[in-house]
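Chains as they are written, first to last, in our numbering: chain A, 1 to 596; chain B, 597 to 1309. Remarks on the structure that follows.
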């Protein structure tokens, strides 16, 4: 399968989903359209000509082919004959596109004095310009565009029901709205893989099921006979982690228990950092732990001392874990630091849920004070504050910035919460039983909802990213491709030391002073490698190593050291005094000579 | 005797005969001559060696400097492919491969026709006509003409320069006076002319004159007050000349300070005046306003002054922040209980101030009046609902609340909200307190402004500085922004037990809210204190003075032995009241960072920017990756890489120098060689003193030879 065909498939689904009352999608203008139209017009004019002359009499349809041929021939001849290209050179790249791929500021060459450096910098700047413009130009290859649900006049989009949508759209898209009635092992947590192809369900009362939700093909189903707090896919659909009552367990896609990680107990929430291969867990005992899935080692265990940790989210940009606390604070954590990177007071009541957008720029929190707040993570400042009548749990951000908030048994989806002040939801849906987990499916216009009565897959037009990176997360990949990807991903694994608030820091020169670095080194090594060695008197024979003698020798050395120190201080003081004298001489009075 | 002549030769003859006496003289002369002809001493060994060395140095440096350009070029090159002088890879032009080939088939002929049309070269000359034309761009004749022109220009320039120099050196005052006068007249004349032809430039000129007038009026230059003028004043009584000079100076002053009256003769100027008159008054109005804060000073059409005040607020905040730090130190000694009481007080005042500030600030995204009312209604409904549900449960709790708190709340709400609604119960207060900002959306600025003015609260605020500001900020952050209450279309199902539990939780949280804030503030303060450098106390009690229980250390000693470290840089969360940012350095990432600035870079930003571009496939296109990762040096497998041949690069150099004129090469190749020869010879005379040394000569010859051999080749 080529990339193109996959993309086409994606586009189909997208178009199909967005049928209901949607803006008519205008196909993007293609460069060949213009020429085609022209040629058509030409055809018509030429088609008329013979009629007038009376050479041929027939239907237009019959006549059409002939003029086309002649026209084409003419065209070619004209072009080759040296007529000027009306659009010489490469097609211009729009400035916004260029800006999108701009990476930081350019070096100012005018300030560079070193000639060799200037040359090398000009070369590298030229190369980076090329890279930027090419990236912008190749953006043309992502032709898919997302649409949104749009109601008739005076019609609220949130009143449109799922049934109506699924009836209106084509069968494949309509099939994406479905309910799984699983009332027995009630409320469900869920997780989609990064490709959006597979779904993992974990019922509170021990029911675990994973499936390919497109084809509704069940991979495995079992009951772990224990309370389940959370479930999470690992890097691929081959493995998943389940936070059970006591320990953390890892199963494969057939339901075989691979590991029972007994270092991780009472886990409440799970997060998987895909590029670091880290599974972050937060426990009821207040521990935040990181498990390196690629080597099976615990990377860090941090005692947060902030009580029960049942609100957890990750920042996809810098892999920082965000935890919410009953004191209304949100804390940011990295495995490298035992204290929070940032502690932020967000709500007056406890924090109930956190969601972070794809770019890692905005954070949405909801609290017990029934507020929904939007924060800018870069500036750590609040942007918007909404007050919801019933509060919100289970926040989730879609790839294109839709926000789902659940309250009791209702699910509401908001559009553009960050930029503008929203007054009403974009979509709403009611499920049976209170909602326990909700997540947008990547690359699909679908919101998965786990609730007391099973699972509901809800169609939310415009939620998923229409263009996917085939090398990063490909929804249509085969097993072979997955294996290839796995190897590459492991080779490109990012080390946990690099997790921090600013990932760009790695590309900067470390400006720490020598002292600071030395101190860190001492801390790391546990001793000071540059420290002066303690004097140890040599063993001497014939009674010269008697304890008194040894002590005497030690003292001798110590005195010498001290003498040196004293000499230095005295010299420094003398110099100071000299300076003082020099300054003071001008202001001396006659009576100063009697001073002692 | 008379008439006899004596010739000189005869006399000489006698001299020869009488030789015996003169012979010794001759000898002496000869010996003298020989004595003066002594050999020069040879130079000392050191000196000769020195000369040898200097010569050798010159020679080798000349030799080595020939490599300079090649080295620089190779260093600059983006990529070096070794071996260097290989034939260019890729397909060669067809013409080179098959020379005696002709187009035979019709297709070939057609293609060749096309090529002909585009003036592509087919046969022997590989260059296109355009390229050839560019090569011929400058012939020898042209170059000569141009050179002559340049020479002439240069000569003229030097001539004018000399003239100017001469004129400048003339010391005659009269001459300069006359010159100045003439110049001035000319300028005036020009100006008159310019006014007619180019009014804009004239206006500029006029401005300059105006400037000169202003300068003159400012200075005392021509006011007869200088040293010279005073001396002349003494002489003026007797000296006619002096009087005249003084008079002249005064006249000059008058002339310069005279106001320029430009007669409005031309029509254009009249039009200009008319335009000015057409402009309404308020255009100039804004400039005349002195105090932007005072709305009465402004015209009707100028904007209202909320913005400058808004700007002023943060400034005040900054000032306060400075105070705050000082205050914090004092606070250390205070007990926690005190803090809490203080907190409450501050909260009260903060509410005052907040109400004020909100009024002053421009309302973000003003709601339509209808919406606002609807929202308010909703709010009230909710409140009522809540009241009904919760009153019974909450009464007990309410009783427990300290009286002081009730008082506080009452006064607080009365101050900031009393005007809007009547407050009846504590819960109402609480709910209202939470939704202050929504209420303030309702536009009644004027009343609040009037109120605040009448109460004279700004003064009060001014008096209480410092630490309150911080908490005010915090409160602002937590509650201040405009909250939008959305009408939920899909109603929430309140499930019996869970809902009630939740409600309880919410109420608890609402009452605990203040503690949350104060706790956070305490924590933040603690953190800030921990990051402060500690004072090192080296005082030893009892040293140099009496020690014991109840005795205090002397101030002098404390001053001397307590070492204070320098203040750390300001915290990053300094201006973010609701955020604590850890100041700890991330040492783990430091291991991967560049710790020292690499060599040619001059500063860190330069380096940072130079590596800002990712080079991987994930972020770039294939071509870009190839470009970004091109190796500096490429060696071909299986080839012998020989050092650069001197012959090669010299040849390439000469070719490069003459490359632009291939026709010259063909026609006057001999001349070229001669020129080359000359060039080498020209180098020779510079080291004329060294010419007697063999190697140099030999080298010259060698070079000549090589040139000749080239020619033959």
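Just so it is clear, CB atoms sit at the ideal spot from N, CA and C, and this is done for glycine as well.
Would residue i and residue j qualify as a contact pair, given that the criterion is a beta-carbon distance under 8 Å?
i: residue 1176 (chain B); j: residue 1120 (chain B); result: yes
i: residue 178 (chain A); j: residue 457 (chain A); result: yes
i: residue 356 (chain A); j: residue 315 (chain A); result: yes
i: residue 259 (chain A); j: residue 249 (chain A); result: yes
i: residue 326 (chain A); j: residue 350 (chain A); result: yes
i: residue 433 (chain A); j: residue 445 (chain A); result: no
i: residue 602 (chain A); j: residue 1172 (chain B); result: Past the boundaries of the shown model lies residue 602 (chain A); chain A is included only from 1 to 596, so the question cannot be answered.
i: residue 410 (chain A); j: residue 428 (chain A); result: yes
i: residue 190 (chain A); j: residue 200 (chain A); result: yes
i: residue 1167 (chain B); j: residue 516 (chain A); result: no
i: residue 745 (chain B); j: residue 123 (chain A); result: no
i: residue 602 (chain A); j: residue 494 (chain A); result: Missing from the structure shown is residue 602 (chain A); chain A here goes from 1 to 596 and no further.
i: residue 1196 (chain B); j: residue 116 (chain A); result: yes
CB-CB under 8 Å to residue i, same chain, minus the five flanking residues each way: which ones, in chain order?
i: residue 283 (chain A); result: 264, 265, 266, 267, 268, 289 and 309
i: residue 261 (chain A); result: 247, 248, 249, 250 and 291
i: residue 185 (chain A); result: 203, 204, 205, 206, 207 and 223
i: residue 606 (chain B); result: none
What are the boundary residues of the beta strand (DSSP E) that includes residue i?
i: residue 280 (chain A); result: 278 to 283
i: residue 405 (chain A); result: 403 to 407
i: residue 359 (chain A); result: Segment: none, residue 359 (chain A) is in no beta strand (DSSP E) and carries neither H nor E.
i: residue 270 (chain A); result: 267 to 273
i: residue 678 (chain B); result: 676 to 678
i: residue 228 (chain A); result: 228 to 233
i: residue 753 (chain B); result: Here residue 753 (chain B) belongs to no beta strand (DSSP E); instead the alpha helix (DSSP H) covers 736 to 765.
i: residue 211 (chain A); result: 207 to 212
i: residue 243 (chain A); result: 239 to 244
i: residue 247 (chain A); result: 247 to 252
According to DSSP, is residue i part of a helix, a strand, or is it coil?
i: residue 712 (chain B); result: helix
i: residue 1071 (chain B); result: Residue placement at residue 1071 (chain B) cannot be trusted, given a pLDDT of 48 that sits under 50; the coordinates are not used to answer.
i: residue 1175 (chain B); result: strand
i: residue 648 (chain B); result: helix
i: residue 1272 (chain B); result: Unreliable positioning characterises residue 1272 (chain B) in this predicted model, as indicated by a pLDDT of 41, which lies under 50. The coordinate reading is nonetheless provided below. Looking at residue 1272 (chain B) - three-state DSSP - the assignment turns out to be helix.
i: residue 332 (chain A); result: strand
i: residue 41 (chain A); result: Its pLDDT being 42, under 50, residue 41 (chain A) is placed unreliably by the model, and nothing is read from it.
i: residue 222 (chain A); result: strand
i: residue 494 (chain A); result: coil
i: residue 583 (chain A); result: helix
i: residue 426 (chain A); result: coil
i: residue 414 (chain A); result: strand
i: residue 472 (chain A); result: coil
Who are the Cβ neighbours of residue i in its own chain at under 7 Å, not counting the five residues just before and after it?
i: residue 1115 (chain B); result: none
i: residue 1193 (chain B); result: 1200 and 1203
i: residue 273 (chain A); result: 280, 314 and 319
At which residues does the alpha helix (DSSP H) containing residue i begin and terminate?
i: residue 847 (chain B); result: 836 to 853
i: residue 795 (chain B); result: 795 to 814
By Cβ distance below 6 Å, which residues in the same chain neighbour residue i in space, the five residues on each side in sequence not counted?
i: residue 193 (chain A); result: 233 and 237
i: residue 535 (chain A); result: 557
i: residue 678 (chain B); result: 1231 and 1237
i: residue 1017 (chain B); result: With a pLDDT of only 37 at residue 1017 (chain B), under 50, the local geometry of the prediction cannot be trusted, and no value is derived from it.
Looking at the C-beta of residue i, does it have a partner C-beta in chain D at a distance below 8 Å?
i: residue 1161 (chain B); result: In the structure shown, chain D does not exist; the protein chains are A and B.
* Using a Cβ cut-off of 7 Å, which residues of the region 133 to 159 of chain A contact any Cβ in chain B, in chain order? -> Against chain B - using a Cβ distance shorter than 7 Å - the residues of the region 133 to 159 of chain A are 134, 135, 138, 156, 158 and 159.
* To do: Anything in the region 1165 to 1195 of chain B with a Cβ closer than 8 Å to a Cβ of chain A? List those residues in chain order, please.
  => Residues passing the 8 Å Cβ filter: 1169, 1172, 1174, 1175, 1176, 1177, 1178, 1180, 1181, 1182, 1183, 1184, 1185, 1186, 1187, 1188, 1189, 1190, 1191, 1192 and 1193.
* Name, going along the chain, the residues of the region 336 to 366 of chain A whose beta-carbon falls closer than 7 Å to a beta-carbon of chain B. => When CB distances to chain B are screened at a threshold of 7 Å, the residues of the region 336 to 366 of chain A falling below it are 336, 337, 339, 340, 341, 342, 343, 344, 345, 348, 349 and 350, in chain order.
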